[in-house]
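*Asks:* Have a look at this one.
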Amino acid sequence: MKRVLTVAASAVALVALSGCAGSPINYAQRHADQGHYDGNPDRSRALNVAIATGLAECENGQCAPLDDVARSKLPESMQSVSNVDMIEDLGDAWSVGHGVAQMAGMADALTGLSGTASGMLSIGSFMLEPSELDDPASMPALLAWMPSSSANSPEDARGKMATMLAEALPTGDFQGYQVRVDRYAEYSSAALFQDGHACNSQYMCAVDFTSVSMPAVANSSPDWLSGEAVYVWSNWERGATSYSGVHRIGLDMYRLNTETNKELPLPDDLNARAYLARVSENLPAWAYIYLPPTEQNNYPVMLNQGKPLLFVEPASKQKDIAAQ
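Next up, the structure:
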């Protein structure tokens, strides 16, 4: 099937993104220098990753636009449950729209609340100037700290990351669809879902790693990783007005009408979060997939080696920080 992804709405912006191959910016190094790589045991691993990559900023103990749900806001029966056990109890429900409601009381704590009420990002919480790019926390992305020992240069790291992502995309049967991988450009790969009732010759469904740009370089990685020098992919800075100097791996999920070139959401029977968890299983520990809240899944999540990391305050600061 001929590729038509280049007509998707995001493609024009990503052409500029993929072309930013200039010298590394200081963004990643600045985060390291400012201490954002020191994992705070008072915060979930998900929030620590968000802070280290610029998705959240903290002042006087409060973080925005992403923050942890306070233990006091959980049902009493859940307040002493570790984040690890909470994920185990959720089972597959974490990836299903409003599926957290399957746990009594958890829906009120994790979904449907404003940022003010829950401490978490809400879909409508992004206030942008017209000239600004979307808030980075509103966009799905792959966040990564590739050890410098894994590549000889930023260019080499870029190529290796693109190949790693293409090989991480599972193929075969998934929720009634047949999945094949299309590496449609040197630094872009997509999982195409076919032969299902909502994805066919007219409607192309895809989970698309749209562009692996040139990484930034930092002299150290977060303290929960190796700490060595790394190649970094994060996102643009909040308030940025152009893609110049951005070091990002784009992630897009859509159902494209190939006749009208109109981009639509994926069908309800295709759970992209569950598929991305399988992708995450095939990635190293230094790679995280960030998924923002959507209308179908109104709570953010980080994926790391197949496991969902929730934005929930750790029950035990000493116990949970190593796992969360």
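Quick note on the working numbering: the sequence shown kicks off at 691 and runs consecutively. Even for Gly, the Cβ is constructed at its ideal location relative to N, Cα and C.
Any idea what DSSP makes of Arg945, helix, strand or coil?
*Replies:* Within the sequence shown, the letter at position 255 stands for residue 945. It is a strand residue.
*Asks:* By a C-beta neighbour count over all protein chains shown, 10 Å radius and 16 as the cutoff for buried, is Asn909 buried or exposed?
*Replies:* Along the sequence shown, read from residue 1 onward, the residue named residue 909 stands at position 219. By the 10 Å Cβ count, Asn909 comes out exposed.
*Asks:* Using only CA atoms, which one of Ala962, Asn890, Leu993, Pro974 lies nearest to Glu949?
*Replies:* Along the sequence shown, read from residue 1 onward, the residue named residue 949 stands at position 259. Looking at the Cα atoms, Asn890 is the closest of the given residues.
*Asks:* Provide the residue span of the beta strand (DSSP E) that contains Val922, from first to last.
*Replies:* As a position in the sequence shown, residue 922 is number 232, starting the count at 1. Val922 -> beta strand (DSSP E) spans 920-923.
*Asks:* Which first and last residues belong to the beta strand (DSSP E) in which Tyr867 is found?
*Replies:* By 1-based counting over the sequence shown, the position of residue 867 is 177. Counting along the chain, the beta strand (DSSP E) containing Tyr867 begins and ends at 867-875.
*Asks:* So, under 8 Å CB-CB, Pro844 and Pro765 are touching, yes? Tell me the CB distance rounded to an integer number of Å.
*Replies:* As a working mapping, residue 844 is identified with position 154 in the sequence shown. As a working mapping, residue 765 is identified with position 75 in the sequence shown. Contact flag wrong, Cβ pair sits at about 47 Å.
*Asks:* What's the gap between the Cα of Asp913 and the Cα of Asn994?
*Replies:* For the purposes of this step, residue 913 is identified with residue 223 of the sequence shown, where counting begins at 1. For the purposes of this step, residue 994 is identified with residue 304 of the sequence shown, where counting begins at 1. Each residue's alpha carbon lies about 16 Å from the other.
*Asks:* Using only alpha-carbon positions, find the residue among Leu833, Trp976, Pro837, Tyr944 that is nearest to Leu954.
*Replies:* The residue you call residue 954 lines up with position 264 of the sequence shown. Closest option to Leu954, Cα to Cα, is Tyr944.
*Asks:* Check whether the Cβ atoms of Phe899 and Leu833 sit closer than 7 Å, and answer yes or no.
*Replies:* Counting from 1 along the sequence shown, the entry for residue 899 is found at position 209. Counting from 1 along the sequence shown, the entry for residue 833 is found at position 143. Cβ distance not < 7 Å, so Phe899 and Leu833 don't count as in contact.
*Asks:* So, is Arg870 buried or exposed, given that buried needs 16 or more other C-beta atoms within 10 angstroms?
*Replies:* Here the question's residue 870 lines up with position 180 in the sequence shown. With fewer than 16 Cβ atoms within 10 Å of its Cβ, Arg870 is classed as exposed.
*Asks:* By Cβ distance below 6 Å, which residues in the same chain neighbour Ala852 in space, the five residues on each side in sequence not counted?
*Replies:* Taking the first residue of the sequence shown as 1, we reach residue 852 at position 162. These residues qualify, in order along the chain: Tyr877, Val902.
*Asks:* Can you tell me the Cα-Cα spacing of Asp779 and Val1002, whole angstroms?
*Replies:* Translated into the one-based positions of the sequence shown, residue 779 becomes position 89. Translated into the one-based positions of the sequence shown, residue 1002 becomes position 312. Those two C-alpha atoms are separated by around 14 Å.
*Asks:* For Pro844, report the span of its beta strand (DSSP E) as first-last.
*Replies:* Within the sequence shown, the letter at position 154 stands for residue 844. Careful: Pro844 lies outside any beta strand (DSSP E), inside the alpha helix (DSSP H) at 844-858.
*Asks:* What residue range does the beta strand (DSSP E) around Tyr965 cover?
*Replies:* Position 275 of the sequence shown, counting from 1, holds the residue named residue 965. Run containing Tyr965: none in the beta strand (DSSP E); it sits in the alpha helix (DSSP H), 962-971.
*Asks:* Using C-beta distances below 6 Å, list every residue in its chain close to Ala746, excluding the 5 sequence neighbours before and after it, in chain order.
*Replies:* In the sequence shown, counting from the first residue as 1, residue 746 sits at position 56. Here the set comprises Ala740, Cys753, Leu756.
*Asks:* Looking only at its own chain, which residues have a Cβ that is under 6 Å from the Cβ of Ala847, when we skip the five neighbours before and after it?
*Replies:* As a first step, residue 847 must be located in the sequence shown, where it is residue number 157. Taken in chain order, the residues that qualify are Met836, Ala841, Pro905, Tyr921.
*Asks:* Kindly indicate which three-state DSSP category Leu745 falls into: helix, strand or coil?
*Replies:* Translated into positions along the sequence shown, residue 745 becomes position 55. DSSP places Leu745 in coil when its eight states are reduced to three.
*Asks:* Under 7 Å between the Cβ atoms of Gln884 and Gln868?
*Replies:* Position 194 of the sequence shown holds residue 884. Position 178 of the sequence shown holds residue 868. Cβ distance < 7 Å, so Gln884 and Gln868 count as in contact.
*Asks:* What do you reckon, are the CB atoms on Asn988 and Ser785 nearer than 7 Å?
*Replies:* Translated into the one-based positions of the sequence shown, residue 988 becomes position 298. Translated into the one-based positions of the sequence shown, residue 785 becomes position 95. No.
*Asks:* Can you say whether His937 is buried or exposed, counting buried as having 16 or more other CB atoms within 10 angstroms of its CB?
*Replies:* Numbered from 1 along the sequence shown, position 247 holds the residue referred to as residue 937. His937 should be labelled buried.
*Asks:* So within the stretch 874-920, which uninterrupted beta strand (DSSP E) runs reach at least 3 residues, ignoring any that extend past its ends?
*Replies:* Fully enclosed beta strand (DSSP E) runs of 3 or longer: 878-884, 893-902, 906-908.
*Asks:* With 16 other CB atoms within 10 Å as the buried threshold, where does Pro998 fall?
*Replies:* In the sequence shown, the residue the question calls residue 998 occupies position 308. With 16 or more other Cβ atoms within 10 Å, it is buried.
*Asks:* Helix or strand or just coil, what does DSSP make of Ala977?
*Replies:* Along the sequence shown, read from residue 1 onward, the residue named residue 977 stands at position 287. Strand at Ala977.
*Asks:* By the three-class DSSP mapping on this structure, what secondary structure does Gly805 have?
*Replies:* By one-based count along the sequence shown, residue 805 stands at place 115. With a pLDDT of only 41 at Gly805, under the threshold of 50, the placement of this residue in the model should not be trusted; the figure read from the coordinates follows. The answer is helix: DSSP assigns Gly805 an H, G or I state.
*Asks:* For Val1025, name the three-state secondary structure that DSSP assigns.
*Replies:* The structure shown does not extend to residue 1025, since the chain spans only 691 to 1014, so no value can be given for it.
*Asks:* So what does DSSP say about Met836, is it helix, strand or coil?
*Replies:* Along the sequence shown, read from residue 1 onward, the residue named residue 836 stands at position 146. Correct three-state label for Met836: strand.
*Asks:* Put Glu766 into one of helix, strand or coil per three-state DSSP.
*Replies:* Counted from its first residue, the sequence shown places residue 766 at position 76. Residue state, collapsed to three classes: helix.
*Asks:* Which of helix, strand or coil does DSSP assign to Pro998?
*Replies:* Mapped onto the sequence shown, residue 998 falls at position 308. Strand, per DSSP.
*Asks:* Where does Glu778 fall in DSSP's three states?
*Replies:* For the purposes of this step, residue 778 is taken as residue 88 along the sequence shown, with counting starting at 1. Glu778: helix per DSSP, three-state reduction.
*Asks:* Would you list the residues sitting across from Val759 in a DSSP beta bridge?
*Replies:* As a first step, residue 759 must be located in the sequence shown, where it is residue number 69. Answer by DSSP bridge pairing, in chain order: Val1002.
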